[in-house]
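Data block below; observations after.
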Amino acid sequence: MKILIYGVGGVGGFIGSFLEKTEYKISYIARGKRYESLKKKGLILNSQIENLKFTNLNLISKLKEGDHFDIIIVTVKLYDFDDVLDEINKKIKGDFIILPFQNGIYAEEKIKKKLGPENTYGAVAQISAHVDKNQSVQHVGKLATFFVGSYDGNKNVILESFCEQVQKHKLSIIYKNNIKEKIWEKFIFLTAYSGMTTLTEKTIGQIFNDKNLKKKFISAMNEAYLLSKKFKVEFKKDPLDFWIEKIKKMPYEMTSSMFHDFKAKKKLELDWLSGLIINFGESMNMDFEINREIVNGIKVK
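Take 757 as the starting number for the sequence shown in the numbering used here and just add one per residue.
In structure tokens:
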């Protein structure tokens, strides 16, 4: 089986490191300084699960016409996703599975529109990992769980078998029959979390210690939850109750990667998170007041 990892940052680098232990043929797309480092020093992972290093990687900087891969793991930022999907669609031949490990719901909906629901798969990453100044992948903590599945709920034997095989090599990729639930569950929290921490420039603990900010945060989650109903997403448990309980156990000082990007004056995924809620709301004649306040507030900062 041939596997392509498109984007070798924290998530892509972590997954790639463990896939290198399998018998699959792994290729990577990276560019610029990341490409040069991977070529020269190899793929280095520092993790409490296992420290790994692999050299002589099969590295490419762009796809060629007629390339074929069985599984394509896409881990680029949301603002680069459209271009990557277009490139894959134009150049990859034969049957393939795209696993989009982006934040939010945008990537899956875009694939569905472009390739059809029968060719759409969902993917969710539960991990904190980043590339440090030395171009090594740093995995923070022990949590490293990934969920994948067919977006329309149908079984896929190839993907299920892939999950079973990689789990033998300490890579926890779990097949879910209802991947939509996992994607939306994360989206409901992430939009409020990234938006509110960036808007207020406060940590999750500070927000939940402030009565008004806590109310606004929960209202932002509720707007995403209301939107999920329009997409006919079914939850085993009320996602608001789930997250309110989970937030109580989160570190007081915890903040979002979007806030870090904002402070570093980097490009934000705002338009694909809270902004996407607003856009879908407008198309469905729904006004999501809190998410609109988040987007407008951050954009004038």
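A virtual CB, placed ideally from N, CA and C, is assigned to each residue, including glycine. Predicted, not measured: the structure shown is a model, and the values here were computed from it.
- Bounds of the alpha helix (DSSP H) holding N978 are K967 to K986.
- A distance below 7 Å between beta-carbons, with the five flanking residues on each side excluded, links L841 to the following residues of its chain, in chain order: K866, I867 and K870.
- In the DSSP assignment, L799 falls within the unbroken beta strand (DSSP E) covering L799 to N802.
- Within the segment 878 to 950, the runs of beta strand (DSSP E) at least 3 residues long that lie entirely inside it are, in chain order, 893 to 906 and 928 to 931.
- Taking 9 Å as the cut-off, the beta carbon of S817 is found no closer than this to the beta carbon of Y835.
- Assigned with DSSP and collapsed to three states, V767 falls in helix.
- Here DSSP, grouped into helix, strand and coil, assigns S773 to helix.
- Collapsing the DSSP output to three states places D826 in coil.
- When the five nearest sequence neighbours on each side are left out, the beta carbons in the same chain lying within less than 6 Å of the beta carbon of F973 are those of A948, M952 and I963, in order along the chain.
- Bridge pairing for L760: S783 and I828 [DSSP].
- Proximity to L775 across R787, K789, K795 and E806 peaks at E806, based on C-alpha coordinates.
- Excluding sequence positions up to five before and after V767, its CB lies within less than 8 Å of the CB of T831, F857, A881, I883 and A885, all in the same chain and listed in chain order.
- C-alpha of K932 to C-alpha of F903: approximately 6 Å in a straight line.
- Each residue's CA atom was taken as its position, placing D994 and L983 some 14 Å apart.
- By the neighbour-count definition (other C-beta atoms within 10 Å, threshold 16), A879 is a buried residue.
- Ranked by Cα distance from I939, the options E864, F810 and K1005 are led by E864.
- The three-state secondary structure of N814, taken from DSSP, is strand.
- Closest option to N875, judged by alpha-carbon separation, among H895, Y862 and I853: I853.
- Between L813 and I848, the gap from beta carbon to beta carbon reaches 9 Å or more.
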